[in-house]
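First up is the structure itself, then whatever we jot down about it.
Protein chains: 2
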Amino acid sequence: MNKRDFKDKVYGELSKVTKALSNPHRLEIIDLLAQGPFSVEEIAHYTGMSVANASQHLQTLKHAKLVKISRNGNFIHYSLAGESVFHAWAGLRELGLEYNAEVEKVVTDFRKGHGEVTSVDAASLVKKIEKEEVILLDVRPEEEYNRGHIHRAISAPVDKLNEQLKHLEKNKMIVAYCRGPFCVYADEAVAMLKKKGFNAVRMNEGYPDWALRGLPVEHTTT
Amino acid sequence: MNKRDFKDKVYGELSKVTKALSNPHRLEIIDLLAQGPFSVEEIAHYTGMSVANASQHLQTLKHAKLVKISRNGNFIHYSLAGESVFHAWAGLRELGLEYNAEVEKVVTDFRKGHGEVTSVDAASLVKKIEKEEVILLDVRPEEEYNRGHIHRAISAPVDKLNEQLKHLEKNKMIVAYCRGPFCVYADEAVAMLKKKGFNAVRMNEGYPDWALRGLPVEHTTT
DNA sequence: AATCTATTCAATGGATAAATTGAATGGTTT
DNA sequence: AAACCATTCAATTTATCCATTGAATAGATT
Chain S
1228 MNKRDFKDKV YGELSKVTKA LSNPHRLEII DLLAQGPFSV EEIAHYTGMS VANASQHLQT
1288 LKHAKLVKIS RNGNFIHYSL AGESVFHAWA GLRELGLEYN AEVEKVVTDF RKGHGEVTSV
1348 DAASLVKKIE KEEVILLDVR PEEEYNRGHI HRAISAPVDK LNEQLKHLEK NKMIVAYCRG
1408 PFCVYADEAV AMLKKKGFNA VRMNEGYPDW ALRGLPVEHT TT
Chain Z
1228 MNKRDFKDKV YGELSKVTKA LSNPHRLEII DLLAQGPFSV EEIAHYTGMS VANASQHLQT
1288 LKHAKLVKIS RNGNFIHYSL AGESVFHAWA GLRELGLEYN AEVEKVVTDF RKGHGEVTSV
1348 DAASLVKKIE KEEVILLDVR PEEEYNRGHI HRAISAPVDK LNEQLKHLEK NKMIVAYCRG
1408 PFCVYADEAV AMLKKKGFNA VRMNEGYPDW ALRGLPVEHT TT
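These protein sequence lines map, in sequence, to chains S and Z.
Start counting the first sequence at 1228; every next residue gets the next number (the numbering used here).
Start counting the second sequence at 1228; every next residue gets the next number (the numbering used here).
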């Protein structure tokens, strides 16, 4: 095998992976699967695709070795093939947020539309959370909280947040987090909390970012 | 802007970036530009494309904000738009090498074809290099060495390596590095050195990986 | 100002990707 | 074993991508 053939093969193989990542729906799927396993129907519903279409995209991701499957009764659950898939996704996310003004603009505009949602980063929160100087809310669906969440976080799915308001102290800062920087649950939660007079901000990083850095989490040992 | 529109916009914008990365030629260009700026003609020559075709791909990369240009006399030099482009590329590279058996197979097969080239990683070398227990050869074209290289590395372009052989000590281990894990210069150099009776290995990481980690380098201050 | 030259553009034809529809598959459960 | 259900496949249409060719552009040099 000569030099040129080698290069063609290497970059060709790698481009199979990047090709699988070159579609908005598939990126959304990757971002979702970073939370854990989901069935095809759940994925289709969450991403607003038809089941057949979602299935096709999942096949594409599977052939690129980006996701893997596991059967669970009648359902097939898809999840990321490994840690470096999330790692690579995080790299692309960062690239988008740092160098593509469009992406950043869309995100900040959306947050302004929700009443100036301000965000904080994980690093500045670790100690405050441990000392219980802030209240940490996990506003993802309860199912995802149960799979794993940040240490000391309280489950408060955004659509059931109303019921929990009375148990929250008004004088403590409230930090809401969800799936990641593009997840809107935290924005909705912060907007609602501020309307009710709470001092609330969102954390940019999601659960998977936190967990990958080895910061304290709680999860069911399986 | 509602939830769905927001997601469509965010993942849509991000997919423009991944789409730009979804072509083998463009990946090769990114990998090359990690070494520094190159003209269109140089890029075309190195990647074996026609100039017009290379230019088109470069336009694609430019629109995705992955590369930037700078004029230099009659030439336009392309380089990576920033550090997180290399970062994201490194993430994808790792993904390919870890989860895509094909990529790894191609690389190891190629090295076997060059007489069992063994490789070492940067971490294990830092101290040995500083103590001068090993000889470190930069086998990239001299031009790239001049732009920046690892501290204590000797420039020994693979096509001129022959002349330098007499100055090398036979009893020290020789480590060759080049552009990165997919760069073949180091393999060629190691194969040649071993044939002549030297104790040679290749380093997987290239100059940009080394520099990004903040390990000691020398470069022209511009 | 005219020429030179690296780079880009525009147009073409062939190849590949995406959403939709409806049918098929293959484990589960009754 | 039959019925069921989540998922996948096959076929179609539409849209987008890629390499090639030859012409155009826009800085730099003379």
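Virtual Cβ for every residue (Gly too), placed ideally from N, Cα, C.
As the structure is a prediction and not an experimental result, all values here were calculated from the model.
- Counting only the Cα atoms, Met-1276(Z) lies some 22 Å from Cys-1405(Z).
- Contact residues of the region 1237 to 1248 of chain Z toward chain S are Val-1237, Tyr-1238, Gly-1239, Glu-1240, Leu-1241, Ser-1242, Val-1244, Thr-1245, Lys-1246, Leu-1248 (C-beta to C-beta distance below 7 Å).
- The C-beta separation of Ser-1306(Z) from Pro-1251(Z) comes to about 20 Å, leaving the pair out of contact by the 8 Å criterion.
- The beta carbon of Val-1330(S) falls within 8 Å of a beta carbon belonging to chain Z, placing the residue at that interface.
- The alpha-carbon separation between Gly-1340(S) and Val-1334(Z) amounts to approximately 50 Å.
- Burial of Ser-1249(Z) is indicated by the presence of at least 16 other C-beta atoms within 10 angstroms of its C-beta.
- For Ser-1311(S), a Cβ of chain Z is located within less than 8 Å of the residue's own Cβ.
- An exposed status is given to Pro-1443(S), since fewer than 16 other beta-carbon atoms sit within 10 Å of its beta-carbon.
- With respect to the 8 Å criterion, Val-1361(Z) and Lys-1399(Z) are classified as neighbours on the basis of their beta carbons.
- Phe-1265(Z) has a beta carbon lying at 8 Å or more from every beta carbon in chain S.
- DSSP places Ala-1403(S) inside the beta strand (DSSP E), whose first and last residues are 1400 to 1404.
- Gly-1239(Z): not part of any beta strand (DSSP E); member of the alpha helix (DSSP H) spanning 1230 to 1247, first to last residue.
- Ranked by Cα distance from Ile-1356(S), the options Val-1366(S), Glu-1343(S), Ile-1401(S), Ile-1296(S) are led by Ile-1401(S).
- Residues of the region 1336 to 1365 of chain Z with a C-beta atom less than 8 Å from some C-beta of chain S are Asp-1336, Phe-1337, Gly-1340, listed in chain order.
- In chain order, Val-1411 make up the part of chain S whose C-beta sits under 8 Å from the C-beta of Lys-1230(Z).
- Spatial neighbours of Ala-1438(Z) in its own chain (CB-CB distance under 6 Å, excluding positions within 5 residues in sequence) are listed in chain order as Val-1444.
- Short of 6 Å from the beta carbon of Glu-1390(S), and not among the five residues preceding or following it, lies no beta carbon of its own chain.
- For Pro-1251(Z), the nearest CB of chain S lies under 8 Å from its own CB, placing it at the interface with that chain.
- With a 10 Å radius around the Cβ and a threshold of 16 neighbouring Cβ atoms, Asn-1327(Z) comes out buried.
- Exposure of Phe-1302(Z) is indicated by the presence of fewer than 16 other C-beta atoms within 10 angstroms of its C-beta.
- Just so you know, the alpha carbons of Leu-1392(Z) and Phe-1425(Z) end up roughly 9 Å apart.
- Collapsing the DSSP output to three states places Asp-1336(Z) in a helix.
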